[in-house]
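Count along the sequence shown from 1, add 6, and you get the number used in the numbering used here. Okay, so here's the structure we're looking at.
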Amino acid sequence: MLILRLLILAVGIGAIAGTVLSLLDRDKYLVQSSFSTATEVTTSPLQTKETPSSSLSKLPLKQQAASLKQTFQTLASQQPQLNPAAFVVDLDSGKYVNFQGESRLSAASMIKIPILIAFFQAWEEGKLQLDESLTITEAVKAGGSGKMQNQPVGTEYLALEAAAKMIIDSDNTAANMIIKRLGGKEALNRLFVQWGLEHTRLRNPLPDFERTNTTSPKELVTLLAQLSQGELVSARSRDRIFQILGKTQNNSLLVQGLDQRASIAHKTGSIASLVGDVGIIDSHTGKRYLVAVMVERPPNDNQAKELIRRYSQETYQYFQKQEKNSFIK
Numbered sequence: 007m008l009i010l011r012l013l014i015l016a017v018g019i020g021a022i023a024g025t026v027l028s029l030l031d032r033d034k035y036l037v038q039s040s041f042s043t044a045t046e047v048t049t050s051p052l053q054t055k056e057t058p059s060s061s062l063s064k065l066p067l068k069q070q071a072a073s074l075k076q077t078f079q080t081l082a083s084q085q086p087q088l089n090p091a092a093f094v095v096d097l098d099s100g101k102y103v104n105f106q107g108e109s110r111l112s113a114a115s116m117i118k119i120p121i122l123i124a125f126f127q128a129w130e131e132g133k134l135q136l137d138e139s140l141t142i143t144e145a146v147k148a149g150g151s152g153k154m155q156n157q158p159v160g161t162e163y164l165a166l167e168a169a170a171k172m173i174i175d176s177d178n179t180a181a182n183m184i185i186k187r188l189g190g191k192e193a194l195n196r197l198f199v200q201w202g203l204e205h206t207r208l209r210n211p212l213p214d215f216e217r218t219n220t221t222s223p224k225e226l227v228t229l230l231a232q233l234s235q236g237e238l239v240s241a242r243s244r245d246r247i248f249q250i251l252g253k254t255q256n257n258s259l260l261v262q263g264l265d266q267r268a269s270i271a272h273k274t275g276s277i278a279s280l281v282g283d284v285g286i287i288d289s290h291t292g293k294r295y296l297v298a299v300m301v302e303r304p305p306n307d308n309q310a311k312e313l314i315r316r317y318s319q320e321t322y323q324y325f326q327k328q329e330k331n332s333f334i335k
């Protein structure tokens, strides 16, 4: 009888222990599953790994829009002091314009687009949290665009808020906070290489008046194109990214060449020697295309901004005409 009681007691203790261990394992799983794909948090969150969507596929380029390219050339010849580079593509038809679009140029604040994509990749991999706090330090404070530089050292921002300000207000302090959180320029550059980018490199913190951070119009368009087609990040993160880009405050460049019924998600960049804008445009007729224009200029020459507006206007009108002709056929 005593032996039987001892056996029953042992079974009971074993069941309780099993339940406790099960609950502990469940809690551990719940913590790890707080992101869509959980990985171990490391000091440098962008230690790259091969994934099916890690590198960019090629743009579906079919036919160069010769007349639009000639228009770009004509407009450029009227401003010989400027050096424009542009890349345009309609993802539906494959029509494109490559007007010096593979040139390696100073990225200015347009470098913040790949940084934003890297930020959401890191979130999806469980390497950061959107609601974690990032702290302003002297090391990340930066002049130029943005008001966060006016906040005292020790001020905290949510990571998602800082990422949004990096784009919407082009805040350089916010950008440097995000760069630091993602492991620094070396980690980001490794990721850019993994994506297949040849010209997009981060060498200096923002605002990079030394012009060492680089990209090209084609690579910026490629990033947005593949993002829109479901590469690099999930649909949820893609939608967040385009929502942020759609709130960009500087609407003085590409936007000025569009019909008021069109919508755009974009990012501008401006330093004394270069100005640019890259975006994805949806017209009221349903046409969607991508365009990046970057113009090297004499210091602060405002004709460069006007040239971007003209390129945007001519591109919009070209695709609207194409759309109209397709309906007639």
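The beta carbon of each residue, even a glycine, is placed where N, CA and C say it ideally should be. Please read these numbers as outputs of a predicted model, since none were measured by experiment.
May I ask which residues mark the beginning and end of the alpha helix (DSSP H) holding residue i?
i, result
"Arg246", "241-251"
"Thr274", "No alpha helix (DSSP H) contains Thr274, which is instead part of the beta strand (DSSP E) from 269-277."
"Glu225", "223-234"
"Ser73", "72-83"
"Val199", "191-201"
"Arg217", "That residue, Arg217, is in no alpha helix (DSSP H); it is neither H nor E in DSSP."
"Arg187", "178-187"
"Gln127", "118-130"
How would you call residue i, buried or exposed, if buried means at least 16 neighbouring beta carbons within 10 angstroms?
i, result
"Gln157", "exposed"
"Lys64", "exposed"
"Glu138", "exposed"
"Ser50", "With a pLDDT of 48 at Ser50, under the threshold of 50, the modelled position of that residue is not reliable, and the figure given next carries that caveat. It is exposed - the Cβ of Ser50 has fewer than 16 other Cβ atoms within 10 Å."
"Thr254", "buried"
"Arg32", "Because Arg32 carries a pLDDT of 29, less than 50, the predicted location of this residue cannot be relied on, and the following value inherits that uncertainty. It counts as exposed."
"Asp96", "buried"
"Gln266", "exposed"
"Lys330", "exposed"
With which residues is residue i paired in a DSSP beta bridge?
i, result
"Phe93", "Asn104, Ala298"
"Thr141", "Glu162"
"Leu280", "Ile277, Glu302"
"Asp288", "Ser269, Arg294"
"Arg207", "Thr220"
"Leu136", "Leu136 pairs with nothing; no bridge assigned."
"Leu111", "Thr221"
"Gln69", "Lys101"
Pull up the CB-CB distance for residue i and residue j, whole angstroms please, since I reckon it's below 8 Å.
i, j, result
"Tyr324", "Gly263", "That pair is no contact at about 11 Å."
"Ile174", "Val284", "15 Å between Cβ atoms; not a contact."
"Thr274", "Asn256", "5 Å"
"Ile117", "Leu208", "6 Å"
"Asn195", "Ala148", "About 19 Å separates the two Cβ atoms, so there is no contact after all."
"Ser318", "Val301", "Not quite, the Cβ-Cβ distance comes to about 12 Å (not below 8 Å), so this is no contact."
"Leu251", "His272", "6 Å"
"Leu111", "Thr220", "7 Å"
"Ala92", "Pro223", "6 Å"
Within 8 Å (strictly less), CB to CB, does residue i reach chain B?
i, result
"Arg267", "Absent from the structure: chain B. Only one protein chain is present."
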